[in-house]
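Beneath this line is the structure, given in structure tokens, with notes to follow.
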Amino acid sequence: MAFDWEDHKSYMTVKRQKLQDQLEDVEGDGKIFSGVTIYVNGYTKPDADTLKEIICKHGGGYSYALTSRVSHVIATNLPTAKIKALSINSSKVCHPDWILDSVNAGSLLPTEKYELYSVSSKSQRKISFSPTAKKEAGPEDPPTKKDRSFVDEFYSHSRLHHLSTWASELKEFTSKNLPRAKRKFSMLSSGESLRRFGVKGVVHLDLDSFFVSVGLRDRPGLHGQPVAVTHARNKEGEADTTEVVGVSLHQSMSDVASCSYEARDFGIRNGMSVGEAINLCPSLTFIPYEFEKYHAVSQTLYETVITYSHLVEPVSCDEVFIEFSDYVTSWEELGDIVKSLRSEIEEKTGCKVSAGFSHNLLLARLATRKAKPNGQFHLSEEEVEGYLKETPVASLPGIGRKMKEELSKMGVSNCGELREVSLPKLREVFGPKTGYTLYCFARGIDNRDLTTKKERKSISVEINYGMRFEQISEAESLLTQLSEELQSRALDTGVLGSSISLKLKIRQKTAPQETKKYLGHGRCDNISRSQQLHIPTNDSGDISRVAISLLKQLSPNPSDIRGMGIALNKLSSSVKGSPVKGGKMADIRTLMTSSPGKRSPASKRSLGSVLKSERGGEEGASVSVMREERVEYQNTAAGDGCTSFESAMLDLPPASQLDQSVLLALPSDLQEEVFDSYSKRQDKERVTLEPVSTEPSLANPLFPPSLSSLSNGNPERFLNETRTHIKAWVALYPAGPKERDSTIFIQFLISLIDLNALEIPRIPQYWGGSFFVKFFIL
DNA sequence: ATCCTCCCCTAC
DNA sequence: TAAGGTAGGGGAGGAT
Ligand SMILES: Nc1ccn([C@H]2C[C@H](O)[C@@H](COP(=O)(O)OP(=O)(O)OP(=O)(O)O)O2)c(=O)n1
Ligand SMILES: [Mg+2]
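Pasting the structure below:
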């Protein structure tokens, strides 16, 4: 066999990388973080253990308690009050990125940009405390493994969670940095470039057995062997690891996240269980996850890629599309660029990359399959037909287990056979869109343009592992934790949701209590229900209130719950002054008549400093301050619609819109009350009040008040507090509130209904018309 | 037609 | 033990 230059080269690269790592280690020892001792507060990314490992490796100290030794507190997200409390003993409170970036930079970076209370700090997330760990973590109460919440613990070990998180991050990174990235090549005119043929040059990059490749950087002895990344452990080719359970590994249901190509020769595949894998290859070696390393490699991959083209479409942490149409004159030239791109990435990350390229996204992707491992392949226009003919349909993106099965029933297993099926037939079986896509893909046709940024449509949190409840209250408590996690993510991404949905996995009747996978979900039915809001939110209190209400509606048997998730849908932006795409300034009429769940208009304002000053010093102050940072309510500041107050009361919410779900959740006597007030109302004449001036109303920061600032559970206090707010609000207007302003109040009441805040004061007279009237007779 | 809700499927 | 998340495309079937 001829000398394999590629292999030799990669061997050298790895060797170099290894040397470099060792050098870094030597340099790092006692260097970067000498004199630095950190204390990690709460849940961070990376987690406390990882940070400890990093800091110690680079000469710093780690403390389990906030002692005087501590020079820096590390936290990802903290309420302002807590930051102040933590920083009193002159230690700085910094984001973990300070540590990561310092390591990357090879020197101690100034903390300035990473201090949580500084203006430039990247995010201010609220920490999610679990019910069991919500005690203040003070100096005498260091965080331990034990008081980490289930949610945090789970996520820190979940590969799929990391995969999703990184994908989101990289999408954000790309859309933010792509426009201002310094590029290696300058664009050609469309007369010179590939475009002169009316053709695109699309490259698809994908790291080879990503997790394994990263793991093997530090385990050169395992190169060329069947290796898999998994949580299950026995040997590792490393001496000190205990050979725990030779036999039990055969039954392990732990997933293989990634396996080497040598392992694939045995039939092992990503996603397989360890038990299956070891049966296929008893000599398979398992190595552990190293999430932070994967993260760093992904980051480097994307930093590198965006210097090659202004057209980059992120796919995942190890996969990306790049369009070169404007940078090359021929496919040969593109091939050379791809070669250098691949070696640059391998040089920087120590991981091998394969690349496929062709004239559209589909074919570039298919070409990558042929290129792997550690190669590149150009699928030319002439080759397409022949190549596709033998390509199994399951290789087409979007065709998975189910559709492959479905096609197989039709006698179709490769693209050549798929071509024989008529378009109408495909549409009949798979629906209009899917049918058409199949028709095109079978022919190598793909007219999609590469998209560099896509607007997020939803944000969600879910756990379908380890869910075992006896009481419904336990499930509710978990929903509360998930709500906090969701709030935290919504804050980070700057979104508000107008729709909240709850998703449950419920054990199937015939499925056994004990799942095959330890604490897995087993065979389940999925059920979901959503609730529209009139005012978008990112508040965990709002979210959990709605989620729990939805849970009650779905009324599952607590012991059958195997998974739960919450999603925010119909998103709008919470960033001040940032216009929402497609958003219109809402006039009163629009607001009054809009269905719940509609996107919020561009015009927004925060509760702002007035709310803060109004209640500063009161017990609820810190809550409202936090809320102020989170939620910015939409306003009715602009527009000239004139709807009478009376008609507003009559029109909103239309009976058809009054959320059935909320209604049904009420005791039946309350339901009747509500129906009653609706039916009475229809008989009434519509009364129009004084015409209202069309000038913009006084900016009103008092309404609506923060729900979480009101006394839930105590009807009398609730009412009184709300009255206080109304009085303060009215007092703002020398000549009394304009009609339009009262609509804000109406909106507020509606939102109370949305959020089930009114479920708490279970007093019939608060409901229906009398409820509204009561507020106005102050 | 088009929209909405509740799914199912797919990909990493 | 094991860490089965998450976003998006799209279909079925009903309401408008
Ligand atoms: N079921 C899966 C599939 C993938 N991954 C993770 C581990 C993989 O390393 C990474 C990238 O997925 P790929 O599909 O790109 O697979 P690999 O990179 O491992 O192999 P290759 O791309 O060479 O086929 O995502 C996972 O955890 N579980
Ligand atoms: Mg890969």
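Under the numbering used here, the first residue of the first sequence carries the number 1450, and numbering increases by one thereafter.
Don't be surprised by glycine CBs; every beta carbon is placed ideally from N, CA and C.
Closest Cα partner of residue i within the set the options
| i | options | result |
| --- | --- | --- |
| D1657 | M1852, G1824, S1998 and I1992 | G1824 |
| L1940 | N1987, R1917 and K1965 | N1987 |
| Q1980 | G1724, G1884, L1951 and I1908 | L1951 |
| R1668 | H1653, E1739, D1714 and L1812 | E1739 |
| R1608 | N1719, S1857 and Y1776 | N1719 |
| C1973 | Y1967, R1956, Q1962 and P1961 | R1956 |
| V1705 | K1633, D1714 and A1726 | A1726 |
| E1768 | L1931, M1636, E1741 and S1613 | S1613 |
| W1615 | A1681, L1810 and A1745 | A1745 |
| L1811 | P1822, E1781 and Y1836 | Y1836 |
| Y1710 | S1701, R1818 and K1788 | R1818 |
| T1778 | F1646, S1926 and Q1930 | F1646 |
| S1732 | L1671, W1780 and E1752 | L1671 |
| E1621 | R1682, P1763 and T1749 | P1763 |
| L1395 | R1682, W1547 and S2023 | There is no way to answer for residue 1395, as the model of the chain reaches only from 1450 to 2227. |
| R1713 | S1703, C1730 and Q1700 | C1730 |
| S1617 | Y1776, K1788, Q1748 and C1889 | Q1748 |
| C1708 | F1806, L1619 and P1822 | P1822 |
Assumed close pair residue i, residue j - CB separation to whole angstroms, cut-off 8 Å
| i | j | result |
| --- | --- | --- |
| A1816 | H1808 | A1816 to H1808, Cβ: 10 Å. No contact. |
| L1935 | M2013 | L1935 to M2013, Cβ: 12 Å. No contact. |
| G1509 | T1486 | 6 Å |
| L2237 | V1600 | Nothing about residue 2237 can be read from this structure; the chain reaches only from 1450 to 2227. |
| G1971 | A1960 | 5 Å |
Extent of the continuous alpha helix (DSSP H) to which residue i belongs
| i | result |
| --- | --- |
| H1610 | R1608 to N1626 |
| C1766 | Note, C1766: premise wrong, no alpha helix (DSSP H); not H, not E. |
| I1992 | S1989 to L2003 |
| N1728 | V1723 to L1729 |
| A1712 | Y1710 to R1713 |
| H1744 | F1740 to V1754 |
| L1665 | F1659 to R1666 |
| D1546 | D1546 to A1554 |
| F1826 | That residue, F1826, is in no alpha helix (DSSP H); its beta strand (DSSP E) goes Q1825 to H1827. |
| L1856 | R1850 to K1858 |
| T1886 | P1881 to A1891 |
Beta-carbon spacing of residue i, residue j below 8 Å
| i | j | result |
| --- | --- | --- |
| I1949 | I2010 | no |
| H1521 | K1506 | no |
| S1411 | L1945 | Examination of residue 1411 is not possible in this model, given that the chain is present from 1450 through 2227 alone. |
| S2008 | E1919 | yes |
| L1549 | G1650 | no |
| H1653 | F1770 | yes |
| F1603 | Y1914 | yes |
| V1648 | V1661 | no |
| M1852 | V1870 | no |
| T1623 | Y1751 | yes |
| A1804 | S1909 | no |
| E1855 | V1878 | yes |
| L1643 | L1760 | no |
| K1633 | Y1757 | yes |
| C1864 | K1882 | no |
| E1933 | S1989 | yes |
| R1876 | A1891 | no |
| V1842 | G1893 | no |
Residue range of the beta strand (DSSP E) that includes residue i
| i | result |
| --- | --- |
| G1946 | V1944 to R1956 |
| C1973 | C1973 to T1986 |
| K2019 | I2010 to S2022 |
| A1804 | V1802 to S1807 |
| S1909 | S1907 to I1912 |
| F1735 | T1734 to I1736 |
| D1775 | Element bounds for D1775: n/a, residue is neither H nor E. |
| L1654 | V1651 to L1656 |
| V1842 | Per DSSP, V1842 belongs to no beta strand (DSSP E) and is neither H nor E. |
| A1445 | An answer regarding residue 1445 cannot be provided, because it is not within the stretch 1450 to 2227 covered by the chain. |
| G1833 | According to the sequence shown, residue 1833 is Val rather than Gly. It is not in any beta strand (DSSP E) - V1833 instead sits in the alpha helix (DSSP H) that spans E1830 to K1838. |
| V1522 | H1521 to I1523 |
Residue list, Cβ distance to ligand 2 heavy atoms smaller than 5 Å: Working through the chain, the matches are D1655, L1656, F1659 and D1767.
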